[in-house]
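A.B. asks: What follows is a single structure, and I will ask about it in a moment.
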Amino acid sequence: MFKQTLHISTSPHLKLGVSTDDIMRNVVWAMLPTSAFAVYAFGLSVFLLLVTSVVAAILTEHLLCRWSGKESTVNDWSAAITGLLLGLTLPPAFPLWMAFVGSVIAIALGKFAFGGLGYNTFNPALVGRAVLQAAFPAAITTWHPAFLEGRFTDIAGSTLALPFMEPTYDAVSGATPLSAFKFDGVAADSADLALGLVSGSAGETCALLIVLGGIYLIARNMMNWRIPVSILLTVYVLSGIMHWVDAEAYPSPVFMLFSGGLMLGAVFMATDMVASPLTAKGVVVYGVLIGLLVVVIRLWGGLPEGVMYAILLANAVSPHIDSALQNRVYGTHKKAKAV
Amino acid sequence: MGLFNFRNSTFRHGIHPPEHKSETNGLPIRQFAFAPLLVLPLAQHIGAPSKIIVREGQEVMRGQLLAEAGGYVSVPLHAPVSGRVRKIANVPTAKGEMSLGIYLEAFPASGQEVLESDGLDWEAATPEDILQGIQNAGIVGLGGAAFPTHVKLKVPEGKQCEVLLLNGIECEPYLTTDHRVMLEQAEDIFMGIRYLLKATGAPRAIIGIEANKKDAAEHLSRNIPEGLPVTVEVVPVKYPQGSEKMLITSVMGREVPSGGLPIDVGAVVVNVATTAEIGRLLPQGRGIQERVVTITGPGVKKKGNYLIPVGTPLRFVLEEVGVADNLSEVYLGGPMMGMAVSNLDISITKGTSGILAFTDNEVHRADKVYPCIKCGACVDACPISLNPSQMGILAKFEAYDEMAADHNLMDCFECGSCSYVCPSNIPLVQYFRMSKGVVRKRAAAKKEVANV
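For the record, the sequence lines run as chains P and L. Just so we're aligned: 330 in the UniProt record's numbering is position 330 of the first sequence, and the numbers increase by one with no gaps anywhere. Just so we're aligned: 117 in the UniProt record's numbering is position 117 of the second sequence, and the numbers increase by one with no gaps anywhere.
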């Protein structure tokens, strides 16, 4: 009766059945509403921007794997996340060739140089963006107004700028709410901020859709909810105190939460599993640190926005947070040492 | 007499695999057929193998002693059927290696009456008598560990047993033997508790049961004999709560120190089926001959809870219950910690709590292994709060000593929760099992060098 061979394997013989590529794919799904809104708000230019950054990321990952004799890892969807995230953090009329360069750097320098998926110290998309910010300070702070007429048929002139040429900005560039507050002392309407009716980076404007994506991932147990919650709470409380101390000089906590890249950063970037700590206590400290840095940079720093640097700095200390905040091992008084 | 007490306390972390218990938990225990030839390895328990006292060709009666205990950490072996010792030779075992054992040919026409000797009265017996009686009955932990029960019951000098903890958790998915035993053998369990309370000197007993077996908790609570200091505590369902350490934490709120034993926090833990066996066998002076086994899994046709003679070959069992055509893997024990068998000629031993058959549909062989993405799922799953992610990386670099020294590798009891949740399909517990083996071997080698 037993014709077939029995297989053997070691226990456990059950698996939860959620694999790494499932998680990565779902992160991409969670960013799609935000991406769709970005295209809706800024038009064809942003569509091309996102496509460019995603394609460049996937292409770079594929080619680097091929050249180093490894099996291509584009199937794990993590390169797509990096590309899409980078695209969402860029100004809507950002020159495509610059976005392409940013994506290549994000994957090559931010991820592959560290050893690929699972080994990156920093969120690769932010590494790409940091390089772009250093290399093209003008382009990355030149904003494009949202909801222009004809945005679905016309492409912004700067989008198609040729490599190494000075981009020409045809549309009237509106200031972002953060820079308007920082440099002109004008605070945007909270409802406009939440709904994304303001100018800013392609994917950072509609806080509601970002939160929705985050809730989706948290519900599917694919994101550590403690990270966004601790970041946002920290920002809210700290800026709330400052606003209470001096309402003229410091913006309201609601403004702080919904303006700039905070939502996008807290939900989709700080939560990069590889670059964040492992333990529950660790991620809370990590989140608080990011929140603290965001408030410090925004309120007292020279830049209007500080999310990117806050996350990158927290990424850098994440291993140290981890080693300091290991769980207490059952039946002991000591904590396991982290490497 | 009140009903059971629901405790909302449990241990840290843990996982919730699909239970699959409803497939067999309503099926009463049924006597299994006698196989024509039984295979009885002498090492069915942890410790020294039993020593054979019969010879080839000898006729034995059911219940007769075949082999006596091979030392203190050892138990005797009784004939599960009346028959003839056909051969004394190496027999296949679940671990894959051959080891000395007995082939026992059953008499087909025999009435299979059980040989009895003088029973042990729990009231008259001293604790030492009871420990001896338990050893004589060949009793080992029936939950799966197969550790000689009398050894575990011996409270060391200077320690005190405050609570006798009866383990009715049965957290492994699919398995329902303890559940059925609690429903059908309450009297035996309470008789067993009398012996165990006396043997350990514990003033009271707690029966710990998971919330998916409330019927059993209710049944036991209703039937506690007058004056017996027993309470039933129901705890939330979570794997691996059936582990002694986790059960103690859930029910008593204490933590067994690393490297220590339950008695270090005043507890002795005994499985409920083992307790029932003690309660049934000791009054009659009998030895253990059969045990309840859940036979289940998608590959099994006649699923159920069966009373199967020890030594029944797996092939005979599977032929009797019928298996699916696309049978792929067969496990002894539960799906989380059970062992896949490579050879159907091995037999049911005292430690076999379940037989699971999976078909090609359930077994995922080609799962791709990704790098660790530090998602922390294993960290949040590990019931003893180790850092499997970190240890997995160290294991890959063969840093076994570092794992043991800095990461409490040796505290890992291989529940498999980390591997279960890992999205990157990293064989974490498999790494740790292997690493523990290496560390133990190195320690033994060092000792040897020191002795020379």
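Yeah, the Cβ is synthetic: ideal placement off N, Cα and C, and Gly gets one too. If you're wondering where the values come from, they're calculated on a predicted model, not measured in any experiment.
DSSP state of L/F6, grouped into three classes?
C.D. replies: It is a strand residue.
A.B. asks: From the beta carbon of P/K15, is the nearest beta carbon of chain L less than 8 Å away?
C.D. replies: It does: the Cβ of P/K15 has a partner Cβ on chain L nearer than 8 Å.
A.B. asks: For a quick check, are the C-beta atoms of P/I23 and P/M222 less than 8 Å apart?
C.D. replies: Yes; because the gap between Cβ atoms is below 8 Å, this pair is in contact.
A.B. asks: Let's test the definition: count the other Cβ atoms within 10 Å of the Cβ of L/N8 and tell me whether it reaches 16, buried, or not, exposed.
C.D. replies: Its Cβ having fewer than 16 others within 10 Å, L/N8 is exposed.
A.B. asks: Any beta carbon of chain P sitting closer than 8 Å to that of L/M1?
C.D. replies: With a pLDDT of 42 at L/M1, under the threshold of 50, the predicted position of this residue should be treated as unreliable, though the coordinate-derived value follows. So, not an interface residue.
A.B. asks: Determine, for L/S353, whether the minimum Cβ-Cβ distance to residues of chain P falls below 8 Å.
C.D. replies: No, L/S353 does not count as interfacial toward chain P.
A.B. asks: Taking the alpha helix (DSSP H) that P/P124 falls in, what are its first and last residues?
C.D. replies: 124 to 135 is the span of the alpha helix (DSSP H), which, as asked, contains P/P124.
A.B. asks: Using a C-beta cutoff of 8 Å, does L/I169 count as contacting chain P?
C.D. replies: So no, L/I169 is outside the interface.
A.B. asks: Give me the residue from L/A33, L/V438, L/I88 with the minimum Cα distance to L/D401.
C.D. replies: The residue with the shortest Cα to Cα distance from L/D401 is L/V438.
A.B. asks: Evaluate P/F152 with the Cβ neighbour count: other Cβ atoms within 10 Å of its Cβ, from every protein chain shown; 16 or more gives buried, anything less gives exposed.
C.D. replies: Per the 10 Å Cβ criterion, exposed.
A.B. asks: Identify the continuous beta strand (DSSP E) that holds P/N26 and give its terminal residues.
C.D. replies: Taken as a continuous stretch (DSSP letters only), P/N26 belongs to no beta strand (DSSP E), being part of the alpha helix (DSSP H) at 20 to 42.
A.B. asks: Identify, in the order they occur along the chain, each residue of the same chain with its Cβ nearer than 7 Å to the Cβ of P/P95, setting aside the five sequence neighbours on each side.
C.D. replies: Correct list, in chain order: A139, S158, T159, A161, P167.
A.B. asks: Do L/G101 and L/L42 have their C-beta atoms closer together than 8 Å?
C.D. replies: Yes. Within cutoff.
A.B. asks: So, at 6 Å on beta carbons, what are the nonlocal neighbours of P/S199 in its own chain, with the 5 sequence-adjacent residues on each side left out?
C.D. replies: Correct list, in chain order: W143, P145, A146, G174, T176.
A.B. asks: Using C-beta distances below 7 Å, list every residue in its chain close to L/T149, excluding the 5 sequence neighbours before and after it, in chain order.
C.D. replies: Cβ neighbours of L/T149 beyond the five flanking positions: I134, I139, V140, G141, V270, T274.
A.B. asks: Have a look at L/G143 and L/L166 and give me their C-alpha separation to the nearest angstrom.
C.D. replies: Distance between the alpha carbons of L/G143 and L/L166: 11 Å.
A.B. asks: Could you have a look at L/T359 and say whether DSSP puts it in helix, strand or coil?
C.D. replies: L/T359 falls in the strand class under three-state DSSP.
A.B. asks: Cα separation between L/E19 and P/A194?
C.D. replies: C-alpha separation (whole angstroms): 43 Å.
A.B. asks: Closer than 8 Å, CB to CB, is L/H179 near chain B or not?
C.D. replies: The structure shown contains no chain B; its protein chains are P and L.
A.B. asks: Run down chain P in chain order and give the residues with a C-beta less than 8 Å from the C-beta of L/G338.
C.D. replies: Correct list: S11, H13.
A.B. asks: Would you mind reading off the limits of the beta strand (DSSP E) that contains L/I295?
C.D. replies: Note, L/I295: beta strand (DSSP E), 290 to 296.
A.B. asks: How many angstroms separate the CA atom of L/Q430 from the CA atom of P/S9?
C.D. replies: Roughly 10 Å separates the two Cα atoms.
A.B. asks: Using a Cβ-Cβ cut-off of 6 Å (strictly less than) and excluding sequence neighbours within five positions of residue 453 of chain L, which residues of its own chain qualify?
C.D. replies: A query on residue 453 of chain L cannot be resolved here, the shown segment of chain L reaching from 1 to 452 and no further.
A.B. asks: Are there 16 or more other CB atoms within 10 angstroms of the CB of P/T5, so buried, or fewer, so exposed?
C.D. replies: Counting Cβ neighbours within 10 Å, P/T5 comes out exposed, since fewer than 16 surround it.
A.B. asks: Which same chain residues end up closer than 7 Å to L/A377 when comparing Cβ atoms and leaving out the 5 residues on each side of it in sequence?
C.D. replies: Cβ within range, chain order: V421, C422, P423.
A.B. asks: Beta-carbon of P/I297 versus every beta-carbon of chain L: anything under 8 Å?
C.D. replies: Judged by the 8 Å Cβ criterion, P/I297 is not in contact with chain L.
A.B. asks: CB-CB under 7 Å to L/H13, same chain, minus the five flanking residues each way: which ones, in chain order?
C.D. replies: Hits under 7 Å: D380, A381, C382, P383, S385.
A.B. asks: Using 8 Å as the threshold, is the segment 42 to 61 of chain L in touch with the segment 121 to 135 of chain L, meaning 3 or more CB pairs across them?
C.D. replies: No, they do not touch.
A.B. asks: What residues match up with residue 455 of chain L in a beta bridge as DSSP calls it?
C.D. replies: The requested residue 455 of chain L does not occur in the structure, where chain L is confined to residues 1 to 452.
A.B. asks: Under 8 Å between C-beta atoms, does P/I227 make it to chain L?
C.D. replies: No, its Cβ sits nowhere closer than 8 Å to a Cβ of chain L.
A.B. asks: Just mark L/I55 as buried or exposed, buried being the case when its beta carbon has 16 or more other beta carbons within 10 Å.
C.D. replies: Inspection of the sequence shows that residue 55 of chain L is occupied by Arg rather than by Ile. Exposed: under 16 other Cβ atoms inside 10 Å.
A.B. asks: Is L/G304 close to chain P? Criterion is C-beta to C-beta, closer than 8 Å.
C.D. replies: It does not; no Cβ of chain P falls within 8 Å.
A.B. asks: Whole angstroms is fine: what's the gap from P/Y169's alpha carbon to P/I155's?
C.D. replies: In a straight line, the C-alpha of P/Y169 is about 11 Å away from that of P/I155.
A.B. asks: Using 8 Å as the limit for Cβ to Cβ distance, is P/L117 near chain L?
C.D. replies: Judged by the 8 Å Cβ criterion, P/L117 is in contact with chain L.
A.B. asks: Could you tell me which residues DSSP pairs with L/A89 in its beta bridges?
C.D. replies: Answer is L/G101.
A.B. asks: Would you check if there are 3 or more beta carbon pairs closer than 8 Å linking the segment 346 to 360 of chain L to the segment 152 to 165 of chain L?
C.D. replies: No contact exists between the segment 346 to 360 of chain L and the segment 152 to 165 of chain L.
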